[in-house]
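Participant:
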Amino acid sequence: MVVAASHSFDVLVVGSGASGLAAAVSAERAGARVGLATKGSIQACNSAKAQGGIQAAFSEDDSPEIHAEDVMRSSHDTADPRLVEVLTTEAPEAIHWLEELGVEFTRDNGGYRLARCGGATRKRLLQVGDRTGHAITKALREAFEAGGGTELPHHALAGLEQSGAGWLATCATKDGATVEIEAGAVVLAAGGRCYAEATQRGELSTNHPNATGEVTRIALDTGAESRDLDALQYHPNGGAWPPTMQGYSIPETTRAYGAVLLNADGEEFTDSLGPRDEVSQAIFDEVAAGKGVETEDGRPAVWLDTTRVPEADAEISLPYMLRRYRGAGIDPLSEPIMTFPVLHYQNGGLVIDEHARTTLEGLYACGEIAGGTHGRNRMMGNSLLECCVFGRRAGRAAAAKASA
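At position 133 of the sequence shown (counting the first as 1) the number is 133 in our numbering, and the numbers step up by one without a gap.
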């Protein structure tokens, strides 16, 4: 093995999605020397593809407690109540932090434009049109780049071991070289494995091709504990037709603004604003019962009647989706679109506590690679929220650990 280079940081963050960026920004602002390593470019991540929005209790009839109740119910009481309390209590503060970093959430009548998403009993979904993830990751990346941290793109984590009072990480660069990185603490924020899983199953996925799960396996091999790793989530509304839209995650806000799921006979067959697992299963069952439709290339589907979405709402909250479909020759406001569930999210992951500490000293995890916050079924809008809430916590805790 030829070691091409070596680095030393107080905190090493692995992954440059929203959770990794939030952790890196927080650790750097806590005074730590931070390295941010990712196997692709710094811009390449699932978070930037997230369209629907981010949840936080802001409306007068809502509260963090009601938000937490919705999370627990949607998870079928499998989520960790301690993590859920942190998630929902710190949600409003996380939104204000993002605004300080430059994120401009869509507003309406002097307040946030809020939508009710699947599994929620209140309107609490904030949006930046239908490019929320892109806006959040852009702001976080710019905040990190404005600081004194070090970016290590094309540094794929290949090994991790405890070393003295900290950790030794081994990374492989795209030209085949090996880089060793010493760190007082490490934050794993490398996402899930749904792209790899979908490829193995011969299914479609909404995920970026980098979502292949190696970092989870490295952490497990190092001795970290996990939970619910078998609980992969389907996005109920994957694009089914035309071919250019296959695997596209149709924003769930289409249903928040009035779209409903219909079978081949034009009948509603489920609560279109139910929890993700229930809506996905209802679609699978309807197709299995012979009541679905078929795409021109023979794939199963049902209809999502987007013609019920008011044009004013669509132009404000669904502009990217409209551009994508209209560019493919379909106007979702004039005709329904074909949809079918696609692999989307790794619900389970590494066991963490309220400070994003894994079961190994000095090793932290946040975002999709961590388990417990969503249990076995995640509500939409809580992924970006978890990235920000627990990314911030992980960064601060890792910085404190490294300086202890």
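Ideal Cβ placement from N, Cα and C applies to all residues, glycine included.
1) In angstroms, rounded to a whole number, what distance separates the CA positions of Ala198 and Gln233?
2) Near His235, which residues of its chain fall below 6 Å by C-beta distance, leaving aside the five closest residues on each side in sequence?
3) Check whether the segment 157-171 and the segment 292-306 are in contact - that is, three or more C-beta pairs closer than 8 Å.
4) Between which residues of its own chain and Ala240 is the CB-CB distance below 7 Å, once the five residues before and five after are set aside?
5) Give the straight-line distance between the Cα atoms of Ala91 and Ala50, rounded to the nearest whole angstrom.
6) Can you tell me which of the three DSSP states Phe105 falls into?
7) So, are the CB atoms of Ser8 and Glu161 less than 8 Å apart?
8) Counting only runs of 3+ residues fully inside the segment 91-165, write out the beta strand (DSSP E) ranges in chain order.
9) Does the segment 14-22 come into contact with the segment 187-197, if we say contact requires no fewer than three beta-carbon pairs (one atom in each stretch) closer than 8 Å?
10) In the DSSP output, what is Gln55 paired with across the bridge?
11) Less than 8 Å between the C-beta atoms of Leu273 and Gly375, yes or no?
12) Would Phe390 and Ala370 qualify as a contact pair, given that the criterion is a beta-carbon distance under 8 Å?
13) Which residues in the same chain as Arg131 place their Cβ atom closer than 7 Å to its Cβ, once the five residues preceding and following it in sequence are excluded?
14) For Glu311, collect the residues of the same chain with a Cβ closer than 8 Å to its Cβ; drop the 5 residues on either side in sequence, then sort them by chain order.
15) Less than 8 Å between the C-beta atoms of Ala185 and Gly362, yes or no?
16) Is there contact here, the segment 29-37 with the segment 139-153, by at least three beta-carbon pairs under 8 Å?
17) Give the range of the beta strand (DSSP E) segment to which Val179 is assigned.
18) Counting only the same chain and skipping the five closest in sequence on each side, list residues whose C-beta sits under 6 Å from that of Val86.
19) Check this for me: beta carbons of Glu225 and Thr359, under 8 Å apart or not?
20) Take Glu268 and list the residues in its own chain whose beta-carbon comes closer than 8 Å to its own, dropping the five residues that flank it on each side.
21) Can you give me the C-alpha to C-alpha distance between Gly266 and Ser63, rounded to a whole angstrom?
22) Looking at the structure shown, is Glu268 part of a helix, part of a strand, or coil, going by DSSP?
23) Flag this pair as touching only if the segment 66-76 and the segment 393-402 have three or more C-beta atom pairs under 8 Å; answer yes or no.
24) For Asp10, I'd like the list of residues in its chain whose CB is within less than 6 Å of its CB, leaving aside the five on either flank, ordered along the chain.
25) If the criterion is Cβ atoms closer than 8 Å, does the pair Asp228 and Asn347 meet it?
26) What does the Cβ neighbour count give for Gly164, buried or exposed, with the cut at 16 atoms within 10 Å?
27) Out of Gly381, Cys366, Met380, point me to the one whose CA is closest to Leu83's CA.
Facilitator: In this structure, then:
1) The C-alpha of Gln233 is placed about 11 Å away from the C-alpha of Ala198.
2) Hits under 6 Å: Thr206, Ser249, Val342, His344.
3) Fewer than three pairs of CB atoms, one per stretch, sit closer than 8 Å, so the segment 157-171 makes no contact with the segment 292-306.
4) Excluding five sequence positions before and after Ala240, the CB atoms of its chain that fall closer than 7 Å to its own CB belong to Gln246, Thr295, Arg299, Ala301, Met338, Thr339, Phe340, given in chain order.
5) Looking at the backbone, the Cα of Ala91 and that of Ala50 are separated by about 18 Å.
6) DSSP places Phe105 in the coil class of the three-state scheme, outside both helix and strand.
7) Contact: no.
8) Given a length threshold of 3 residues, each whole run of the beta strand (DSSP E) inside the segment 91-165 is given here in chain order: 150-152, 155-163.
9) With a cut-off of 8 Å, the segment 187-197 and the segment 14-22 count as touching, because enough Cβ pairs lie within range.
10) Checking the DSSP bridge columns, you'll see Gln55 partnered with Leu125.
11) Taking 8 Å as the cut-off, the beta carbon of Leu273 is found no closer than this to the beta carbon of Gly375.
12) For Phe390 and Ala370, yes; Cβs fall inside 8 Å.
13) In the same chain as Arg131, and ignoring 5 residues on each side of it, the C-beta atoms closer than 7 Å to its own belong to Gln51, Tyr320, in chain order.
14) Result list for Glu311: Leu333, in chain order.
15) Closer than 8 Å, so yes.
16) The answer is yes - the segment 139-153 touches the segment 29-37, with three or more Cβ pairs under 8 Å.
17) Following the DSSP letters along the chain, one finds Val179 inside the beta strand (DSSP E) bounded by residues 178-188.
18) These residues qualify, in order along the chain: Glu354.
19) Yes, these two residues count as a Cβ contact at 8 Å.
20) Once the five neighbours on either side are set aside, the close Cβ partners of Glu268 are Val260, Leu261, Leu262.
21) Each residue's alpha carbon lies about 37 Å from the other.
22) Strand, per DSSP.
23) Because the criterion of three Cβ pairs below 8 Å is not met, the segment 66-76 and the segment 393-402 do not touch.
24) Residues Ala32, Arg33, Gly184, Ala402 of the same chain have their beta carbon placed closer than 6 Å to that of Asp10, with the five preceding and five following residues left out of the count.
25) Contact flag set, yes.
26) Result: exposed.
27) The shortest Cα separation from Leu83 among Gly381, Cys366, Met380 belongs to Cys366.
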